[in-house]
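Novice: Take a look at this one; I'll ask things after.
Right, dumping it as structure tokens:
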């Protein structure tokens, strides 16, 4: 029952529109070298750790440091995460508005799905996942994906709607297995993403790293005549490699790293 209530809280927080924050409506005020309630964490500066993660200075890490679990949880559930996502979305929208599209239906914007357009926070907030401080369990995660209950990531849906109005064709490019195509289609639509040009999911024969997989799929798009004007993801592996597009945008995700 506690897990269900916590999941509802997460979904509610994600659905809240961004507005000027005050100490009274923030879930947590960020404090360097502090965890929940300002408790000092010896030898660990969780704010600096998160900065290193977001700038890709820290690579190939496997778990959120145990001492930073509560810090990451407060960040992800708090207003700062929503504000950060909205800031990225607004910057992307301004860039998109500055472009003149060809009008031939070949100008596309590539979106990742997990933690970019759909949020898995109700799953990551569970005590057996602990915001990425516990080892990844593919079976449990896929069971969550199969529920099709992921809400939209803050700022992403607003950007998506603006891009559609501007005339961009949307491509979702995800590491989600092809097995979950129907549930992902339903989840995307229920979260507000109603139209797209392509939904590219991982096939049995797709091997290699995430960078290699996504580079290859973007290359296929360009070979088919599409122009990638924008590319957004939560992982650096979404944005590095080849055929990355004219401009890339990264939304924050300190819960896991995919190479």
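Residue numbers (the working numbering): 505 to 763. All C-beta atoms, glycine included, are put in the ideal place defined by N, C-alpha and C. Given the structure is predicted, the values throughout are model-derived calculations rather than measurements.
Expressed to the nearest angstrom, what Euclidean distance is found between the alpha-carbon atoms of residue 748 and residue 727?
Specialist: 13 angstroms
Novice: Just to confirm the assignment: which complete beta strand (DSSP E) runs, minimum length 3, are found wholly within the stretch 581–666?
Specialist: 611–615
Novice: Who are the near neighbours of residue 560 in its chain, counting only those whose CB is closer than 6 angstroms to its CB and skipping five residues on each side?
Specialist: 740
Novice: Comparing C-alpha positions only, which one of 627, 712, 576, 681 sits nearest to residue 758?
Specialist: 576
Novice: Measure how close the beta-carbons of residue 661 and residue 680 come, nearest whole angstrom, since I'm counting them as under 8 angstroms.
Specialist: 18 angstroms between Cβ atoms; not a contact.
Novice: How long is the line joining the alpha carbons of residue 751 and residue 682, rounded to whole angstroms?
Specialist: When rounded, the separation of the alpha-carbon atoms in residue 751 and residue 682 is 27 angstroms.
Novice: With a Cβ-Cβ cutoff of 8 angstroms, do residue 718 and residue 745 count as a contact?
Specialist: yes
Novice: What distance in whole Å lies between the Cβ atoms of residue 699 and residue 656, which are believed to be in contact at a cut-off of 8 angstroms?
Specialist: Incorrect: roughly 15 angstroms between the Cβ atoms, too far for contact.
Novice: Which value, in whole angstroms, describes the spacing of the CA atoms of residue 614 and residue 722?
Specialist: Answer to the nearest angstrom: the Cα atoms are 9 angstroms apart.
Novice: Check residue 691 in the structure and name its three-state DSSP category.
Specialist: helix
Novice: Can you look up residue 680 in the DSSP assignment and give me helix, strand or coil?
Specialist: In this structure, DSSP gives residue 680 an extended state, which the three-state scheme calls strand.
Novice: Excluding the 5 residues flanking residue 761 on each side, which residues of the same chain have their C-beta closer than 6 angstroms to its C-beta?
Specialist: Within the same chain, residue 761 has close Cβ partners 565.
Novice: Give the straight-line distance between the Cα atoms of residue 755 and residue 709, rounded to the nearest whole angstrom.
Specialist: 29 angstroms
Novice: Do you know offhand how far residue 646's Cα is from residue 590's?
Specialist: 28 angstroms
Novice: For the alpha helix (DSSP H) that contains residue 706, what are its first and last residues?
Specialist: Under the DSSP assignment, residue 706 falls outside any alpha helix (DSSP H), being part of the beta strand (DSSP E) whose first and last residues are 702–706.
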